[in-house]
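33 is the number of the first residue of the sequence shown in this note's numbering; add one for each residue after it. Beta carbons are placed, not taken as given, at the ideal position from N, Cα and C, and that holds for glycine.
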Amino acid sequence: MITMDMFLQMSVRLWIAAGFLSLTEKSVAHPGNGTSTPCQFVFRNVCFEFVGGSKTWSEAKRSCEIQGGELLEMMSSPIEMFLKNVTRERNTGNFTWWLGEGVQGEYQEPTMDINDASKDRCTYMKLNHLQLITTSDCSQRRGFLCTYNPSDEKISQEHSHTTSSRLKRSVEAMCMNKSNITGLVMEAENELRRMEMESGEPTNENRENFIKYLLEGTKNLTSEFALENNVTIGKIINCSSGILLLSMKKCDSDTNPNPTTLFEDVFEIFRVISVLIGQNLEGETVIKHPTGTIYQKSIPSEKLGDTVLGSKKDGEFVQMPPFRALRSKLNGQGNIIAQLATFSNNPHPSDDNITGTVFSILLSNGVSDIKLDNLSEMIEIYLPRPNASAMTNSTVTLEKNRKALTTLNVTDPKMTIFITVEPNTNASLLLVLAYGSPPNSTKEGNTTVLSAAGGYRWMITPELLQGTAGVWYVDISLFNSTWEPGLTLRISTFITKCMYWDTAKEIWSTGGCEVGMESTPELTQCLCNHLTLFGSSFFVMPNHVDITRTAELFATVTKNYVVLALLCAFFGLYLVTLMWACYADRKAHSKRTITLLEDNHPGAQYNYLVSIQTGHRKNAGTSANVTVKLIGSEAESDTHNLTDPDKPVFERGAVDMFLLATPFPLGEVRNLRLQHDNSGGHPSWYINKVTIQDLQTRYVFHFFCDCWLSADRGDGMMKKTFNAAKNNEIASFRNIFQSRTSTGFRDEHIWVSIVDPPSRSPFTRAQRVSCCMSLLLCTMAINIAFWNIPINESSPILLSIGSIQITWQEIMVGIQSGLLMFPINILIITIFRSIRPRILSKQHKQKGDVTPQAVSVPTILKDTEEVISIVSRSPRNKISLTNRLVSTFDLCPALENIHEFIQIMQGETISDTHWVYCSKFLLCGLCHLLFCLEKLEGRNFLTYEYHHVLSITNLLVRKCEMVYSSHLAYCPPPPKKKKKRRTGSCWLPWWCVFLGWFLLLSISGVSTFFTLLYGFEYGKEKSIKWVMSLGLSLFQSIFILQPLKVIGIAVFFALLLKPVAMEETEEIEQVLLAQQDKCRRYSGRDTL
């Protein structure tokens, strides 16, 4: 047998071309049997001694040990470089040297001994072009390489550094050596090393030329040379396999696929070699190559009939038909070279699911190939499937005068189905096959009788399937046998198909081939009437449940209550949790509203949305009264009290939102001042962050606080000023990751979010609980549908608790079920999360305007003084402050100041938002003054004074209206750099909530039905094992898959997209309308 190991693998040793090569070091002494022998070479504190002479491997090993050393046991790239330098320094390159057991040969020395596989193998090396060669003939005599540990005395080293650079090689160097096979193989090996290390290799041109030159050089060989130079032949095979492996595993195979003829081109080299070896060699030859094995026989044509090619022991062989079927194809032929080549991988990937070993069969007369086709008797081809999946099986109890029914889901009518029905007693069975519906008295189908003599197996061929895909039914009943109590049937099925590679059409085809009766899940028997490249396709039948047996299965509830009890427990827990969720939703809804600050001036119409997030630390909430002040680049706001009489604010983990109105823009908000009065039972407050959004420009300002406002915690301060975060702080990985992770676990982790969902999310707790229940039921249904697979006895046990054992097989079932849940998960949850809340308009009392204030002269004076004071706070408003208004005589000077300011605004030629909102605020204040004067009707005024003030106020209102209209018309629209966007792509209308509930209830009902159906089908024992698998699946989903999803999304956004998570504010329009209503009541006008 000729055995040649792989030359090129993905884990091939690297060919190091370092900037220096460690050469020989000065000789030292090494210990051995109490004597000191000079050491020839030292490398990295190890002595290397080349011992000449003629010894067998065992003698060389014993000689080294006597001297206190051992044969070289390890080969690495630095040692290879060291040995090559030794070759150049001394004349050792033309000899061979024995090595130790730890060194594996890169090549294997071929022999002609068929039974040499059981012999010991030894490794030796050649230094002239370093080669490691493994041989089974350990009795050969040669020198050996001993290694020793040097003595502790100081080693004087003499370093000699040389620099070598490998010339860049190309395939063309092979072309120059086509007539010199030794040079050709050497260049081929070098070229493979280069291709393995360089990206983009092999290119199409280099691959084609490599195969071309290697084939041409091989064709120049003679049969005598091939038999006498096994090492060279082995190198040719290794190089051929190497270029095939490199091509199949190149990085750009998707964009630059290999040609479909690649395998045939490489295999042509194997064919030439087989012909060279087979011409003068009798008996069987076995050549092992990196991708499989080549079995070859040279046999007279008349003896080819019934010949076996391959290895029955390994399960890969071909049985030729009798000679009478071959006679017409072999007339006049002498010796026939019969070759069987096996390949572990499919060289022609396709959608046909070709798995297992692939065969290629060739007959040659030494000059040309002999083609066999349309034979009268079939060639038997046995294709092993070492990693075959187990068969689908189930056990059913056959009641008296009843039948068993199983279904076959046929997706490919060209497949062959094997169904085995084994009773637990010696009985004959009648099987009836029908399509579309179970067979009955009016609907007949194909039948067969199974008995112990026939092995209880039925092969359903494509002819029986009549080329029809779909659901087929197999009816099973007793035939001429007596029913016995406890009769059970073990039903197992598998599907397979035999195919060959059609070189003309470049597709896998079933023509001329059929599946044989001796097929098993691990071995496919193909019967073909021609020779080519063969493969087999194999599928495991999925589980099916017969819905027509629903009543029968549900009637077994008293015997198998495991699944029903589990479902009842889940539904009970769901109802309890749902009641709590509804209560929590009602409580949270009252805290959801945005607070319109009571101390907003009614005429102020420039709005800021202030979002304050209290931390999640223990006792982070506060009972104190909190105030806030915004400091901008153009102005400052008043100090506002952050309170809400209808709900508590600043609770632990809460996000409170307030609408703060100012009479004019503050510019860029640079600072935020927060303080509290340290009142209440727990005044300490941990503030996490504050977000301020300019609702007109959509600018967002972030303040990262993360500190205590407390007299006894942190730095002991109850008043702090915070600076706005810079852009790099906002977009930092830390900020975005923390924000996304926090909101992710509270919103996207469906199980955790039930306890603490985002306060402003439209996805309620009740909906989340119901979605979890639906997902749980779907998980159970999918899990139980794919769970009933055969028990793999070789599956390792990962955990054993008493009689309970958890295997790797059960872990994989859990993983597959979890992955199948994602589409349903995304569908239901996205619907609920994307629904726009239904906001009903309510007629409610406006804060601060419950009872209209009585109009009097003091209130008029106070309101007028307040308007002038507010307007004067902006540095851009050049209006002089008036003295305190104490009587009606002070009104006219105050109105004169207002008149002058209106004229200043009128003279502003460039309009902007400041003048628009400032004139609007002043107009609102003047309308309020006019409204109050008209309502007062001159009381507490002198007659002429009242009419004078009234006329001036009317005049100022008209002028202010003109100024406001002018600035509004010519004011450019404000830039909107950071427009708030919702995380989802769109909002769904509110009525889609009914669609979400319909889908949720439908999926839950269907899942529950099929879970019960499968549970009753499996029986009590299997149901208990399934419950264990379900627990693993739920554990993976809740504690592994969901957290990984949240963290992965957070990292993705933090690294790539850089958004800033914002709370949704769908109620803003309602609060803005409330502030506008305050302005309308204050000014006495519906519109300004």
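For residue i, the residue or residues it bridges with in DSSP
{"i": "C178", "result": "E81 and L103"}
{"i": "R489", "result": "T452"}
{"i": "G324", "result": "H321 and F375"}
{"i": "A436", "result": "I508"}
{"i": "K661", "result": "R705"}
{"i": "Y245", "result": "None, per the DSSP bridge assignment."}
{"i": "R522", "result": "T427 and E454"}
{"i": "A693", "result": "N639"}
{"i": "D726", "result": "Y640"}
{"i": "I393", "result": "L372"}
{"i": "A484", "result": "Beta-bridge pairing links A484 to no other residue."}
{"i": "N1024", "result": "Note that residue 1024 is Cys in the sequence shown, not Asn. Answer by DSSP bridge pairing: none, since C1024 is not bridged."}
{"i": "V732", "result": "Q725"}
{"i": "E348", "result": "S343"}
{"i": "T646", "result": "I719"}
Whole-angstrom C-beta distance between residue j and residue i, which should lie under 8 Å
{"i": "S541", "j": "L809", "result": "45 Å between Cβ atoms; not a contact."}
{"i": "C803", "j": "I861", "result": "6 Å"}
{"i": "A258", "j": "I305", "result": "7 Å"}
{"i": "F736", "j": "F795", "result": "Not confirmed; about 27 Å, so no contact."}
{"i": "L12", "j": "I719", "result": "Lying outside 33 to 1120, the shown extent of the chain, residue 12 is not represented and no answer is given."}
{"i": "L415", "j": "G398", "result": "That pair is no contact at about 28 Å."}
{"i": "S392", "j": "F299", "result": "7 Å"}
{"i": "V688", "j": "I644", "result": "For clarity, residue 688 is Asp in the given sequence; the question names Val instead. Confirmed, about 5 Å."}
{"i": "Y1114", "j": "H960", "result": "5 Å"}
{"i": "T287", "j": "H380", "result": "The pair is not a contact, with the Cβ atoms about 19 Å apart (cut-off 8 Å)."}
6 Å Cβ shell around residue i - same chain, five flanking residues per side excluded
{"i": "T675", "result": "none"}
{"i": "T535", "result": "none"}
{"i": "G84", "result": "G175"}
{"i": "A686", "result": "T646"}
{"i": "S86", "result": "R173"}
Residue-chain proximity (residue i, chain C), Cβ-Cβ < 7 Å
{"i": "N915", "result": "Note that chain C does not occur in the displayed structure, where there is just one protein chain."}
Sequence-distant residues of its chain with Cβ nearer than 7 Å to residue i (five each side left out)
{"i": "G499", "result": "P445"}
{"i": "C271", "result": "F39, V217, A220, E221, L224 and L246"}
{"i": "G880", "result": "Caution is warranted here: a pLDDT of 42 is assigned to G880, below 50, making its placement in the model unreliable, and no coordinate value can be reported."}
{"i": "M812", "result": "S1039, T1043 and L1062"}
{"i": "F80", "result": "Q72, F73, L177 and T179"}
{"i": "S951", "result": "M937, C992, V995, Y996 and H999"}
Simplified DSSP state of residue i, which is helix, strand or coil
{"i": "H161", "result": "coil"}
{"i": "G364", "result": "coil"}
{"i": "L674", "result": "coil"}
{"i": "M229", "result": "helix"}
{"i": "A1106", "result": "helix"}
{"i": "C170", "result": "coil"}
{"i": "D405", "result": "coil"}
{"i": "F754", "result": "strand"}
{"i": "A587", "result": "coil"}
{"i": "C1003", "result": "coil"}
{"i": "Q25", "result": "Nothing can be reported for residue 25: it is not among the residues displayed for the chain, which extend from 33 to 1120."}
{"i": "W533", "result": "strand"}
{"i": "V1059", "result": "helix"}
{"i": "I917", "result": "Residue identity check: residue 917 is Leu in the sequence provided, not Ile. Coil, per DSSP."}
{"i": "C283", "result": "coil"}
Beta-carbon contacts of residue i that lie in its chain and below 8 Å, excluding the five residues immediately before and after
{"i": "Y488", "result": "T452, V453, E454, P455, L461 and L482"}
{"i": "T493", "result": "T448, E546 and V547"}
{"i": "N252", "result": "K210, S211 and I213"}
Are the region 902–913 and the region 930–947 touching by the rule of at least three beta carbon pairs closer than 8 Å?
-> yes
Would you be able to state if there are at least three C-beta pairs under 8 Å between the region 674–689 and the region 748–758?
-> Because the criterion of three Cβ pairs below 8 Å is not met, the region 748–758 and the region 674–689 do not touch.
Could you say if the region 591–598 and the region 436–452 meet the contact criterion of at least three C-beta pairs nearer than 8 Å?
-> no
Is it true that the region 610–626 meets the region 658–668, where meeting means three or more beta-carbon pairs spaced less than 8 Å apart?
-> no
At least three beta-carbon pairs within less than 8 Å, the region 465–473 to the region 522–530 = no
Is the region 204–213 close to the region 236–246, with three or more CB pairs under 8 Å?
-> yes
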